[in-house]
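**Student:** Residue numbers for the sequence shown follow the working numbering, beginning at -5 and rising by one.
Glycine included, every Cβ here is placed at the ideal spot set by N, Cα and C.
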Amino acid sequence: MKLFLLIIFSIMQIHASEEWYNYERIMLIKSKSNFILDEGLITYSKSNKWYIPLEDLFDSIGANYKYNKNERVIQGFIFKKSNVYKIDLNECVLYLKNRKEKFECNDFIPLEDYLLLSTPVVEKLIDIKIKIDSLSSSMTLEYHSLFPPEEKEKRSERKIGKAKRRAIFPVEKNERDWIDGFNFDQGISGDIYRSQSGDSRGAIRHETSLSAEFLKSELYTDYRGVDKKQESFWLSLERNDYRNRIFGDVGLSEVKVVNFNLPTTNLVGGGQKLTGIYFSNRSLYKASNFTKEDFSGPLEKDWEVELYQNDILIARELGTAEKQRYEFNGVDLYYGMNRFKFIFYGPKGERRYESKNLNITDAFIEADKLVNVAGAYGLDENDKESYSLSLSKNLFKRFQFELNTVKSYEYTTGVTTNYFGGSLNTFFDSTLLDLNYINDGENRAIETALKFNTLGVNTNLSYINNSGVKSSILGHSNPMDYSWNANFLLPLRFIKNLQTFNRISYKKKIGIDDNYTDFLNRISLSIRNFYISNSMSIENTIFTNEIFTRYNFGKSSFKFKNRWGKDGLRDSELSYTFSNRKKNSYSSALVYAYEQSTTNLRFRADRRFKSLFAGVSLDVGNKGDYGAGVNLSYGLVYDEDIGINLYNKRTTEYSNIKASAFHDLNGDGIRNDNEELIRDVEFYRLSGNERESTNHTGYAFFSFVQPFSPTDIKISLTNIQNIYLRPKSLGKRVWGRVGKTASVEFPLQIEGDIEGEIDFIDGNKRKKVTANLVSNGKILKRIHADKDGYFYSGGIKPGKYTLKVTCDDCDGRVFEKTFNMPKEGDSLFLEGVRI
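1. Starting from LYS118, follow the alpha helix (DSSP H) in both directions and report where the run begins and ends.
2. Does the beta-carbon distance from SER380 to ASN398 come in below 8 Å?
3. Which one of TYR413, PHE446, TYR405 has the shortest CA to CA distance from ASP423?
4. Please identify the residue among GLU294, GLU298, ARG93 whose C-alpha is closest to the C-alpha of PHE336.
5. Determine, using beta-carbon pairs with one atom in the segment 580 to 599 and one in the segment 120 to 140, whether at least three such pairs fall under 8 Å.
6. Tell whether a beta-carbon distance below 8 Å holds between LEU110 and TYR45.
7. Per DSSP, which residues does PHE537 bridge with? Please list them.
8. Any idea if SER605 is buried or exposed, counting beta-carbon neighbours within 10 angstroms, 16 or more meaning buried?
9. Any idea what DSSP makes of ASP667, helix, strand or coil?
10. Between the segment 694 to 714 and the segment 609 to 626, can you find at least three pairs of beta-carbon atoms closer than 8 Å?
11. Start and end of the alpha helix (DSSP H) containing PHE52?
12. Apply the 10 Å Cβ neighbour rule to THR314 and answer buried if 16 or more other Cβ atoms are within range, or exposed otherwise.
13. What number of angstroms, rounded off, separates the C-alpha of VAL116 from the C-alpha of ASP127?
14. If contact is defined by three or more beta carbon pairs under 8 Å, each pair taking one atom from either stretch, is the segment 180 to 192 in contact with the segment 248 to 263?
15. In chain order, what residues of the same chain lie with their CB nearer than 6 Å to the CB of ASP216, ignoring the 5 residues before and after it?
16. For GLY562 and SER550, I'd like the C-alpha separation in whole angstroms.
17. Rounding to the nearest angstrom, what Cα-Cα distance links CYS86 and ASP326 in this structure?
18. What ranges does the alpha helix (DSSP H) occupy inside the segment 162 to 195, keeping only unbroken runs of at least 4 residues that lie completely in it?
19. Is the CB-CB distance between THR691 and ASN177 below 8 Å?
20. Pull the bridge partners of ARG345 from the DSSP assignment, please.
21. Can you tell me where the beta strand (DSSP E) with TYR236 in it begins and where it stops?
22. What is the rounded straight-line gap between the Cα of GLY789 and the Cα of LEU90?
23. Taking a contact to mean a Cβ-Cβ separation below 8 Å, would you say ILE308 touches TYR371 in this structure?
24. Start and end of the beta strand (DSSP E) containing TRP729?
25. Are the Cβ atoms of THR705 and ILE651 separated by less than 8 Å?
26. For ASP101, which of helix, strand or coil comes out of DSSP?
27. Is the segment 709 to 716 touching the segment 669 to 681, taking contact as three or more C-beta pairs under 8 Å?
28. For a quick check, are the C-beta atoms of ALA765 and PHE740 less than 8 Å apart?
29. Is SER194 buried or exposed, if buried means 16 or more other CB atoms sit within 10 Å of its CB?
30. Suppose the cutoff is 6 Å on Cβ atoms and the five residues either side in sequence are ignored; what does the same chain contact list for PHE572 look like?
31. Would you mind reading off the limits of the beta strand (DSSP E) that contains PRO485?
32. Quick one: what's got a C-beta closer than 6 Å to ILE198's C-beta in the same chain, skipping five residues either side?
33. Using the DSSP secondary-structure output, state which residues sit across from ILE506 in a beta bridge.
34. Have a look at SER54 and PHE823 and give me their C-alpha separation to the nearest angstrom.
35. How far does the beta strand (DSSP E) with TRP558 in it reach, from first residue to last?
36. Which word fits ALA206, buried or exposed, when buried means at least 16 other C-beta atoms lie within 10 angstroms of its C-beta?
Below you can see the structure in the form of structure tokens.
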């Protein structure tokens, strides 16, 4: 029977490990008093149940967790050592003190290295109520008391007078080098096309990109071409520092030279490629303002990206050979948590996720010591001078004031314009107010906006009045005269996961007598991996209706898109991508284009080898034209300690992390020549639920780490033979840099623990006692004793110690007991502690 259960358990592990990413949801975990317990816990929604990685949840709330893989038993205690629990996964039984409860065996999902537990079982285990808000991507844990991290924070507030920003793990500092390692990508494709008339042509497309740490900065370059013709070229050298310590007390957070994109300015626009210099001292980990945010990044040809805000699809872009970049500018922010999720779909069946959380609350507007500055100067792609400068300051913990100036060239009109303006933003309770002003020296434009959330409906109301300013946002030919705009982002409560996004705009253009009423309504439904939406829009009297469907299952994807106009069907696309277990990817698409009166049938087959991608493609048209192609691509990462690692996907936009552990013999926290790295130590990357173990090099290697954001690396003590060999911290936080392999070292030291029970001579155990651990006459730490006299203390290094107990209610009676912690560590029970 046990053998049968073991086989079934192994099969469940393999199956779950293959499909877990299909149900992944990043959730904010908070208490009923809105204390943030975990800013981004990866949870899973499957078969109408929510599952939580128990080890990660317990780490966030301060509970004890031990998992015995061989016996398939989880045990520990909830907040207090007397509140013990045990979960038997063989029998699907939960033991709580003297209580025994049976649960369904499908309430847990065994993955390869950790376990997911359903929320009903978690509620029974911790005696809490979990409220799930899918729309805001948050879980609220309702508990009758404070969680230990919450209680600790409250005590800290009482001691220092104000709350500090809570960091889960200490940040590992990585020194910059003049040159250190690199990431390298290359892709080559050959295409042959034959037209209806019989003419044939061929082309070789190629792309090479490189990222590395160079001159103590982040170097990134990308070259794309067709045959001998350059299609695009990008070269940038950046310096980023989340601490705002570039050039020391100057306080810069970003410096970019050579190529970069011009920042967006309200009512003007931005995003143009410049060659010059950019600098900023704005924070890298929180929004620079609380009304709008810009998102941009690389997007290769034939890749697609979807942007979700609080689980509602708000924008979608397709990568083109000309642009190869996505830009979502002027995205509205609302009071509270704004959770953005980017889903990228590749032509070879690739799928990847990125996320960013912007929490706009009262704490955001705290007054800074310095003025926030962002400046850019350079030449655009027409060799015309462009610049922008923005100065902002938070005032009175209530207002944000900004001044800006921009010089921009518009190639369609051949006119260079200098803009001057500013903005004033504030909030009242959960309502945001925004006022923007711009002037071109002759004319001015003003925008006012009001944002609020009522009954779960995020609303943005705005008004623009323009006396004649021309810009990318207002328009260059027949610019906007005035406009009224209203945006609504809301869930439809009568059907779960049904949402709607509405935009209404009434506008008048200068030089045109007619007024325009633009309208967009997108109603969408998402059920697990199925998404369907219908978008109806009217823009400048042009009517368009689009129905879009995407269904992901396993590593396969189905997509259907239809667009209609007032004259009927405009274009249509039906595509299907399948990836089998042999790492083959097959895709097909039927595409109809109304204006060209063409229908194309496209096939593609790709093989994902260990270190590269290779494939073939075929395109057949309804007019007798056809084309065929072959492609090859790979990615490479080099590090001095790790060597060369080859991958079958791009690496240059990412950073890497190498983690190691060593026995710190002298306790200085620095690895010396006689302190060797330990093999088979397991590390856990919290963002992505990825586990790696140290190999023959002594390092565990994590690739494809999102740069410019914190990544937490946690050490597992499972494979370390000496259970008393422990790290100072169970995890460390790393800020990745593009092309850089950051090093995270965990010094391990022998640490034992002691426990015992104080025996009171008069039998009364409710007396106030003070217990201290003393070495060489110096008090090292204070030991807490429960009301029943039980005490426990860990983290005791080898050596000779004295336990000194003082009874404050017993006329100051003192008891001392001397003990030795052996060099290999031990768990000592101190007997005979009487007072």
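**Tutor:** From the atom records:
1. In the sequence shown, counting from the first residue as 1, residue 118 sits at position 124. From DSSP, the alpha helix (DSSP H) with LYS118 extends over 113 to 120.
2. If you number the sequence shown from 1, residue 380 lands on position 386. If you number the sequence shown from 1, residue 398 lands on position 404. Not closer than 8 Å, so no.
3. Position 429 of the sequence shown, counted from the start, is the residue given in the question as residue 423. With distances taken between Cα atoms, ASP423 lies closest to PHE446.
4. If you number the sequence shown from 1, residue 336 lands on position 342. That would be GLU298, whose Cα lies nearest to the Cα of PHE336.
5. no
6. One-based indexing of the sequence shown puts residue 110 at position 116. One-based indexing of the sequence shown puts residue 45 at position 51. Yes; because the gap between Cβ atoms is below 8 Å, this pair is in contact.
7. Walking along the sequence shown from the start, residue 537 turns up at place 543. Answer is ILE532, bridged to PHE537.
8. Along the sequence shown, read from residue 1 onward, the residue named residue 605 stands at position 611. Exposed: under 16 other Cβ atoms inside 10 Å.
9. Start at 1 with the first residue of the sequence shown, and residue 667 comes out as number 673. Of the three classes helix, strand and coil, the one that applies to ASP667 here is coil, per DSSP.
10. no
11. Within the sequence shown, residue 52 is the residue found at index 58, counting from 1. Taken as a continuous stretch (DSSP letters only), the alpha helix (DSSP H) holding PHE52 covers 48 to 55.
12. In the sequence shown, residue 314 corresponds to position 320, counting from 1. The residue in question, THR314, is exposed, as its Cβ has fewer than 16 Cβ neighbours within 10 Å.
13. On the sequence shown, residue 116 is found 122 positions in, with the first residue counted as 1. On the sequence shown, residue 127 is found 133 positions in, with the first residue counted as 1. Cα to Cα, the separation comes out at about 17 Å.
14. no
15. Position 222 of the sequence shown, counting from 1, holds the residue named residue 216. Cβ neighbours of ASP216 beyond the five flanking positions: SER203, TRP228.
16. The residue given as residue 562 occupies position 568 in the sequence shown. The residue given as residue 550 occupies position 556 in the sequence shown. Their Cα atoms are separated by approximately 31 Å.
17. As a working note, residue 86 is residue 92 in the sequence shown. As a working note, residue 326 is residue 332 in the sequence shown. Roughly 47 Å between the two C-alpha positions.
18. none
19. Here residue 691 corresponds to residue number 697 of the sequence shown, with the count starting at 1. Here residue 177 corresponds to residue number 183 of the sequence shown, with the count starting at 1. Not a contact, by the Cβ cut-off of 8 Å.
20. Against the sequence shown, residue 345 aligns to sequence position 351. The partner list for ARG345 (beta bridge, DSSP) reads TYR339.
21. As a first step, residue 236 is located in the sequence shown; it is residue number 242 there, counting from the start. Taken as a continuous stretch (DSSP letters only), TYR236 belongs to no beta strand (DSSP E), as it is neither H nor E.
22. Looking up residue 789 in the sequence shown gives position 795. Looking up residue 90 in the sequence shown gives position 96. Each residue's alpha carbon lies about 28 Å from the other.
23. The residue you call residue 308 lines up with position 314 of the sequence shown. The residue you call residue 371 lines up with position 377 of the sequence shown. Not a contact, by the Cβ cut-off of 8 Å.
24. To locate residue 729, count along the sequence shown from 1; it is residue 735. Per DSSP, TRP729 belongs to the beta strand (DSSP E) from 725 to 729.
25. If you number the sequence shown from 1, residue 705 lands on position 711. If you number the sequence shown from 1, residue 651 lands on position 657. Contact flag set, yes.
26. What you label residue 101 is simply residue 107 of the sequence shown in a count that begins at 1. If DSSP states are grouped into helix, strand and coil, ASP101 belongs with the helices.
27. yes
28. The residue labelled residue 765 in the question sits at position 771 within the sequence shown. The residue labelled residue 740 in the question sits at position 746 within the sequence shown. Not a contact, by the Cβ cut-off of 8 Å.
29. For the purposes of this step, residue 194 is taken as the residue at position 200 of the sequence shown. Answer is exposed; the Cβ neighbour count stays below 16.
30. Numbered from its first residue, the sequence shown carries residue 572 at position 578. Contacts found: SER550, TYR580.
31. Taking the first residue of the sequence shown as 1, we reach residue 485 at position 491. That run of the beta strand (DSSP E) goes 474 to 485.
32. As a working mapping, residue 198 is identified with position 204 in the sequence shown. Within the same chain, ILE198 has close Cβ partners GLY184, ASP221.
33. Here residue 506 refers to the residue found at position 512 when the sequence shown is read from its first residue. Answer is none; ILE506 lacks a bridge partner.
34. Taking the sequence shown and counting its residues from 1, the one referred to as residue 54 is at position 60. Taking the sequence shown and counting its residues from 1, the one referred to as residue 823 is at position 829. Taking the straight line joining both Cα atoms gives about 29 Å.
35. Within the sequence shown, the letter at position 564 stands for residue 558. TRP558 -> beta strand (DSSP E) spans 550 to 559.
36. Here the question's residue 206 lines up with position 212 in the sequence shown. So ALA206 ends up on the buried side.
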